[in-house]
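Here the structure is laid out as structure tokens; the discussion comes afterwards.
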Amino acid sequence: MSNEPRARIPAKPDFPPSYTSSLVSSGEPLTASPPTGALPAVAAAQTQAETVRSSASMAVGTLVSRILGFVKAIVLGIAVAGTTAGNIFESSNYLPNLIFMLVAGGVFNAVLIPQIVKASKQLDRGTDFISRLLTLGIVGLFTLTALVVILVTPITSLTTAYSGKDLELAITFGLFLLPQIFFYGLYSLLGQVLNAHNAFKAYAWAPVLNNVVAIAGLLMFIAVAGSSATTEHTVDNWTSGQSWILAGTATLGIVVQSVILLVPVHRLGLKLRPRFDWRDTGLGATARIAGWVMGTMVIGNLSFIVILRIATIPIASMTGGGADADSVIPGPYALNRAVELYIMPHSIIALSIATVMFTAMARAAAAHDFSKLRSSLSGALRTTGVATVFAGVALLVLSGPFGMLFGGNKEFAGRQIAIVLAILAIGAPFYSINFILNRVFYAQENAKTPFLIQCIMVVIGLGTALLAALLPPPLIIYGIAASYTISNLLGPLVSHLFLRARLGDYGGGLILRAHMRFLAAALVSGLVGELALSFFGGSDPGGFMWHSITAAAATLAVVGTVMAVVYVIMLKVLRVRELDDITAPLLSKVRSRLSRSK
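Under our numbering, the first residue of the sequence shown carries the number 61, and numbering increases by one thereafter.
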């Protein structure tokens, strides 16, 4: 997710592997627990080197995917920003991911990895177990997807506030988009097999192909139907051909992203084949372990159904489906673009680091080496914080040009995105902190505690979202953004209380002091950024950066670079060593590539 997962209404979950349990059959472990002693020096050095290379490769792959995701969002804005049809597409495009995560995502992404890791140590390298697992998963996914497509009308009516022609268009989009459920699951299943065999690259780079296909489809849409700035894309004049191009190519990208993983899985040499004999294979243990995780995902994603419906109220409250809907009332399009932006630092940094470090955490937990587990957690939080704290401040300062970048050359649409992004940016660093804290529970084979935490957070999130629904329609999207930020701020506090009770002190003082230094450096950078932004007309309604996408991009390039340079200088002044921890792997990979190209 990685992977980097893609339209979002709530923050669309990426697909990180978590490590939750040991594979057992008939109550007995199939393999011995990892040794409690330290690794030999040479083995430890090799493991660290492999971790560095894998983390760097994943980060680069995710970065490329996110850059292309940026391009896709810009082109999507040119195609449909500021239209009711665009907002309906956004809400419809989130449904496949929501349903997948509601029914199967938690099991796929938080339970299967440890089972596959254990099975891979058998004489057959896990071929027998993985064959049964994939067969069961594919059959289940196909059944689920077929059922959802058949029930597209009631599902769309339940999850959105649309009616009349708006609802008809949402149903049409659903027929094209809901088959993504099967391919989300296939991508996750195959990716977990690869990650369990330490083959991280393909899983991180596959979304790049997804974005390439999606961009090509959007360019085709603009060429055939015209941009939203030159052509009125209303619900009344929308054609089936436009649906085929816009929604069809979106699904095609997900298909390519998943199917391409068949190649590296085949190269593992496991000789996988369909196996329908699922009894007495250890899959029962997997199902029992999945119970709490499944409950966690159901609770969380049921709340997102409510949030999705609330997010569609502003557009449903309008009459006529005018082409400039977003200039009057912000809808799902503005919220999705802002969420994609604020989640990006987490996806590139926290997700890449955590995905690789979970292996070390799981081994430490299995060996009851809690000192090493606490050390890994502290290091992960500090290393990710050096990037995410700056990112939060940067997104806040640069929310204006970012909004204009994805506003389809429409100033009003750009301003709506900017306001939503500014609200979300405040909670961005806390989102990553809470993500890492919760994954430690899974590393300790504890899925019950995350379920309890999720229940608490759902009460908070639903309460604030329902309050947002009471706002006037033009303010509802801003209220939803505020509810996300409140949840992100409170999430780490709730998780910390549970984790400290189980793990003890994991270096909270050291983590807090490090983040205070990050924040001090980021605030100085932010003040300099605000000053630089004023030269581009940031506070002037008719300023340069509000003229066009090109002007916004130029503003971002200059002001963003200035802020980054100031931040790095301040980190050096404050002697923040975590900067080296996060940049060294990436710089090492770049130098290695350059040396090989000579």
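Yeah, the Cβ is synthetic: ideal placement off N, Cα and C, and Gly gets one too. Quick caveat, the model's predicted, so the values are computed rather than measured.
To the nearest whole angstrom, what separates the beta carbons of residue i and residue j, a pair I think is in contact under 8 Å?
i       : j       : result
Ile-373 : Ala-529 : 7 Å
Val-316 : Leu-254 : That belief does not hold up - the Cβ atoms of Val-316 and Leu-254 are roughly 16 Å apart, past 8 Å.
Leu-401 : Leu-322 : Not really, about 32 Å apart at Cβ, beyond 8 Å.
Phe-430 : Leu-563 : 7 Å
Val-230 : Ala-274 : The sequence shown places Ala at residue 230, rather than the Val named in the question. That pair is no contact at about 20 Å.
Leu-559 : Val-500 : 6 Å
Thr-448 : Ala-410 : 6 Å
Pro-405 : Phe-490 : With a Cβ gap of about 12 Å, Pro-405 and Phe-490 do not count as contacting.
Asn-271 : Gly-313 : 7 Å
Ile-215 : Pro-156 : Their Cβ separation, rounded to whole angstroms, is 11 Å, which puts Ile-215 and Pro-156 out of contact at 8 Å.
Phe-233 : Ala-307 : 5 Å
Val-626 : Ser-585 : 4 Å
Ile-609 : Leu-465 : 6 Å
Ile-477 : Gly-467 : 6 Å
Tyr-288 : Thr-143 : In the sequence on display, residue 288 carries Ser and not Tyr. The pair is a contact, with the Cβ atoms about 5 Å apart (cut-off 8 Å).
Within 10 Å of its beta-carbon, does residue i have 16 or more other beta-carbons around it, so buried, or fewer, so exposed?
i       : result
Ser-594 : exposed
Ala-663 : There is no way to answer for residue 663, as the model of the chain reaches only from 61 to 658.
Arg-637 : exposed
Leu-639 : buried
Phe-462 : buried
Ala-98  : With a pLDDT of 34 at Ala-98, under the threshold of 50, the predicted position of this residue should be treated as unreliable, and no value is reported.
Thr-443 : buried
Pro-334 : exposed
Ser-125 : buried
Ile-134 : buried
Asp-565 : exposed
Pro-267 : buried
Ser-62  : Low confidence applies to Ser-62: its pLDDT is 37, below 50, so where it sits in the model is not reliable, and the reading given next is rough at best. Buried, because 16 or more other Cβ atoms sit within 10 Å of the Cβ of Ser-62.
Ile-48  : In the structure as shown, the chain begins at 61 and stops at 658. Residue 48 is therefore absent and cannot be evaluated.
Val-208 : buried
Lys-470 : buried
Leu-83  : Any reading at Leu-83 needs caution, since the residue's pLDDT is 22, under 50, leaving its predicted position unreliable; the model's value is listed next. Answer is buried; the Cβ neighbour count reaches 16.
Val-199 : exposed
Ser-599 : exposed
Met-623 : buried
Thr-203 : exposed
Gln-106 : Its pLDDT being 41, under 50, Gln-106 is placed unreliably in this model, and the value from its coordinates should be taken loosely. Counting Cβ neighbours within 10 Å, Gln-106 comes out exposed, since fewer than 16 surround it.
Met-421 : buried
Arg-327 : exposed
His-428 : exposed
Pro-392 : buried
Arg-192 : buried
Val-633 : exposed
Comparing the C-beta of residue i with each C-beta of chain C, is any distance below 8 Å?
i       : result
Gln-504 : As a matter of chain content, chain C is missing from the structure shown, which is built from one protein chain.
Query raised in the report: Touching or not, the stretch 470-489 and the stretch 147-158, by the rule of three or more beta carbon pairs under 8 Å?
Result: no
Report task. Examine the Cβ distances between the stretch 360-368 and the stretch 510-524 and report whether three or more of them are shorter than 8 Å. Result -> The stretch 510-524 and the stretch 360-368 touch, with three or more beta-carbon pairs separated by less than 8 Å.
Query raised in the report: If we count Cβ pairs, one from each stretch, closer than 8 Å, do we get three or more for the stretch 580-596 versus the stretch 540-549?
Result: no
Query raised in the report: Going along the chain, which unbroken runs of the alpha helix (DSSP H) with 4 or more residues stay wholly within the stretch 497-559?
Result: 508-529
Query raised in the report: Is there contact here, the stretch 280-291 with the stretch 120-130, by at least three beta-carbon pairs under 8 Å?
Result: Verdict: no, contact absent.
**Report entry** Inter-stretch contact (C-beta, 8 Å, three-pair minimum) for the stretch 505-519 and the stretch 438-457
**Finding:** no
Query - Contact between the stretch 430-444 and the stretch 156-165 (3+ Cβ pairs under 8 Å) - result: no
Query raised in the report: Do the stretch 133-144 and the stretch 284-294 meet, that is, are 3 or more Cβ pairs less than 8 Å apart?
Result: The stretch 133-144, when compared against the stretch 284-294, does touch it at the 8 Å Cβ threshold.
Requested in this report: Just list the beta strand (DSSP E) runs in the stretch 412-451, keeping only unbroken ones of 3 residues or longer that don't cross its boundaries, in chain order.
Outcome: none
Query raised in the report: Which ranges would you report for the alpha helix (DSSP H) in the stretch 133-160 if only whole runs of at least 4 residues count?
Result: 144-160
Query raised in the report: Considering only residues of the stretch 214-253, which uninterrupted alpha helix (DSSP H) runs meet the minimum length of 4 residues and lie entirely inside it, listed in chain order?
Result: 224-237
Query raised in the report: Which runs of the alpha helix (DSSP H) fall wholly inside the stretch 266-338 and span at least 4 residues, in chain order?
Result: 300-319, 322-327
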